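Take the position in the sequence shown, starting the count at 1, then add 62; the result is the number in my numbering. Note that CB positions come from ideal geometry on N, CA and C, so glycine has one too. On a predicted model such as this, the values are computed, not experimentally measured, just so you know. Following: one structure in structure tokens, then a few remarks.
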Amino acid sequence: MTDRLRFAMVGAGWWANVAHLPTMVADPAIELVSVVDADRARARAVAERFGVTHTYGDVDELLADIAVDCAVVATPHTTHRPIVELLLLAGVDVLVEKPLATTAEDAWALVELARRLGRTLSVGLTYQYAATASEVRRVVSSGIGELVCVNAEFSSGTEGLFSVTELDATAAGDPAVPHGTSYSDPLLSGGGQGQTQLTHLLGNLLWNTGAQADEVFAFMANRGLPVDLVDALTFRLDGGALGTATSTGTTPPGAEVRHRIRYHGTEAMVEHDLLKAEAWVFERGGGIRHLQNPDHEPTYRRSQPVSTFAAVVRGETANPAPADVAAASVSLIEAAYVSATEHRPVEVRRGTIIQEEQL
Numbered sequence: 063m064t065d066r067l068r069f070a071m072v073g074a075g076w077w078a079n080v081a082h083l084p085t086m087v088a089d090p091a092i093e094l095v096s097v098v099d100a101d102r103a104r105a106r107a108v109a110e111r112f113g114v115t116h117t118y119g120d121v122d123e124l125l126a127d128i129a130v131d132c133a134v135v136a137t138p139h140t141t142h143r144p145i146v147e148l149l150l151l152a153g154v155d156v157l158v159e160k161p162l163a164t165t166a167e168d169a170w171a172l173v174e175l176a177r178r179l180g181r182t183l184s185v186g187l188t189y190q191y192a193a194t195a196s197e198v199r200r201v202v203s204s205g206i207g208e209l210v211c212v213n214a215e216f217s218s219g220t221e222g223l224f225s226v227t228e229l230d231a232t233a234a235g236d237p238a239v240p241h242g243t244s245y246s247d248p249l250l251s252g253g254g255q256g257q258t259q260l261t262h263l264l265g266n267l268l269w270n271t272g273a274q275a276d277e278v279f280a281f282m283a284n285r286g287l288p289v290d291l292v293d294a295l296t297f298r299l300d301g302g303a304l305g306t307a308t309s310t311g312t313t314p315p316g317a318e319v320r321h322r323i324r325y326h327g328t329e330a331m332v333e334h335d336l337l338k339a340e341a342w343v344f345e346r347g348g349g350i351r352h353l354q355n356p357d358h359e360p361t362y363r364r365s366q367p368v369s370t371f372a373a374v375v376r377g378e379t380a381n382p383a384p385a386d387v388a389a390a391s392v393s394l395i396e397a398a399y400v401s402a403t404e405h406r407p408v409e410v411r412r413g414t415i416i417q418e419e420q421l
């Protein structure tokens, strides 16, 4: 394949503008041909900014008018399934922002549809696109012996975002501003810290281990907000390993946030710092190794998902954020919400994960 891939940007909000659109116009393998947004004025403004001719109010209009090879979807969480389904059925390969969906039913339905149609479906789990990500995964999956325990933490300052209950009219059409209501309104977001932050943490954990969760017990606290702000999970993976995951959006300005996972095996322990894109391997015999992010690479490669996705579609690399593993994390998070609501352990819905070889 030598022709440039024709891309559509679906959702012209803050993250599309800071992460995806600049990459599309800079990547010589990509031709950005359209911007789609329910706010037509915003779609036009963003299209003008990035030199795009075609704008649409929804995906139906897009598909009825022009041909595209690929689409990047960055719309509110609960809208993902219907949008991605339309694109896949039209023969379009899709990179969708995390979470893949907000329910296990929706997530696995998208996985099965993409498989049946032979389409690429990737997820914007940015930490899995780090320069060190594949090596960390290799060590965790085959270099620590039997996995016995995982401890994961994701602290952040999302409290202000989840506190927004009414969108400032002056910011409504501004693509440079995160729209708090997209995150604080459960009808749009599907939840708070779980859908916005745990999805990163658990997606990475399941990708590195190659496991799915069997059962989870969770506590969650909204602390007066419309969505969850503090989450604590205990879970069991299908290989028998036990795990804990905590996430809070209460980290104050100036305090270091932490996005870390520890993998305890019978032969070694790996401490993975997602923010720094590095890991330390502590071997039972006393050896210590450092998996370090290259000096020339940013630790958080927010522009990488689009370029990597294009390479996946071209068959040049393996998919670092496949939809099936992302669906497994959706299953775990949905079960955690049920557990927190009903105060009981909950079995996690499982699907079929196809392990891809890294190219």
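| query | For the candidate residues V278, V292, A136, whose alpha-carbon lies nearest to that of A397? | reply | Along the sequence shown, one-based indexing puts residue 397 at 335. The shortest Cα separation from A397 among V278, V292, A136 belongs to V278.
| query | Among all the DSSP beta bridges, which residues are the ones paired with N213? | reply | Taking the first residue of the sequence shown as position 1, residue 213 is located at position 151. Answer is T306, R324, bridged to N213.
| query | Which residues bound the alpha helix (DSSP H) around G262? | reply | The residue labelled residue 262 in the question sits at position 200 within the sequence shown. Position check: residue 262 holds His in this sequence, whereas Gly was assumed. H262 -> alpha helix (DSSP H) spans 261 to 271.
| query | What did DSSP end up calling Y118 once you bin it into helix, strand or coil? | reply | Residue mapping note: residue 118 aligns to position 56 of the sequence shown, counting from 1. Note: Y118 maps to strand in three-state DSSP.
| field | V400 in three-state terms, based on DSSP | value | Your numbering for residue 400 matches position 338 in the sequence shown. Residue state, collapsed to three classes: helix.
| message | Quick check: what's the CA-CA separation for A78 versus G348? | response | If you number the sequence shown from 1, residue 78 lands on position 16. If you number the sequence shown from 1, residue 348 lands on position 286. Going by the C-alpha atoms only, they are around 45 Å apart.
| said: Does S96 come out as helix, strand or coil in the three-state DSSP assignment? | reply: Along the sequence shown, one-based indexing puts residue 96 at 34. In the structure shown, S96 sits in a strand (DSSP, three-state: E or B).
| Of the residues H352, T115, D131, A330, which one's Cα is nearest the Cα of A372? | Along the sequence shown, one-based indexing puts residue 372 at 310. The residue with the shortest Cα to Cα distance from A372 is D131.
| message | Going by DSSP, what residue range makes up the alpha helix (DSSP H) through D168? | response | Residue 168 sits at position 106 when you count from the first residue of the sequence shown. Element bounds for D168: 166 to 179.
| field | Local Cβ density within 10 Å of D65, reported as buried at 16 or more and exposed below that | value | Within the sequence shown, residue 65 is the residue found at index 3, counting from 1. Burial call: exposed.
| task | Go ahead and label P384 buried or exposed: buried means 16 or more other beta carbons lie within 10 angstroms of its beta carbon, across all protein chains shown. | result | Within the sequence shown, the letter at position 322 stands for residue 384. Answer is buried; the Cβ neighbour count reaches 16.
| At what residues does the beta strand (DSSP E) containing E333 begin and finish? | Walking along the sequence shown from the start, residue 333 turns up at place 271. Counting along the chain, the beta strand (DSSP E) containing E333 begins and ends at 330 to 335.
| message | Going by DSSP in three states, R346 sits in which element: helix, strand or coil? | response | For this step, residue 346 is matched to residue 284 along the sequence shown. Correct three-state label for R346: coil.
| Just reading off the beta strand (DSSP E) that V72 is part of, what are its end residues? | Position 10 of the sequence shown, counting from 1, holds the residue named residue 72. That run of the beta strand (DSSP E) goes 67 to 72.
| Where D89 sits in the DSSP three-state scheme | Sequence index remark: in the sequence shown, residue 89 carries index 27 (1-based). Correct three-state label for D89: coil.
| query | If we ignore side chains and look at the alpha-carbon of each, how far apart do L304 and R102 end up? | reply | Taking the first residue of the sequence shown as 1, we reach residue 304 at position 242. Taking the first residue of the sequence shown as 1, we reach residue 102 at position 40. Those two C-alpha atoms are separated by around 48 Å.
| message | Assuming E228 is part of the alpha helix (DSSP H), what are its boundary residues? | response | Here residue 228 refers to the residue found at position 166 of the sequence shown. Element bounds for E228: n/a, residue is neither H nor E.
| query | With distances taken between CB atoms, is the gap from A339 to A193 smaller than 9 Å? | reply | Taking the sequence shown and counting its residues from 1, the one referred to as residue 339 is at position 277. Taking the sequence shown and counting its residues from 1, the one referred to as residue 193 is at position 131. Yes, the Cβ-Cβ distance between A339 and A193 is below 9 Å.
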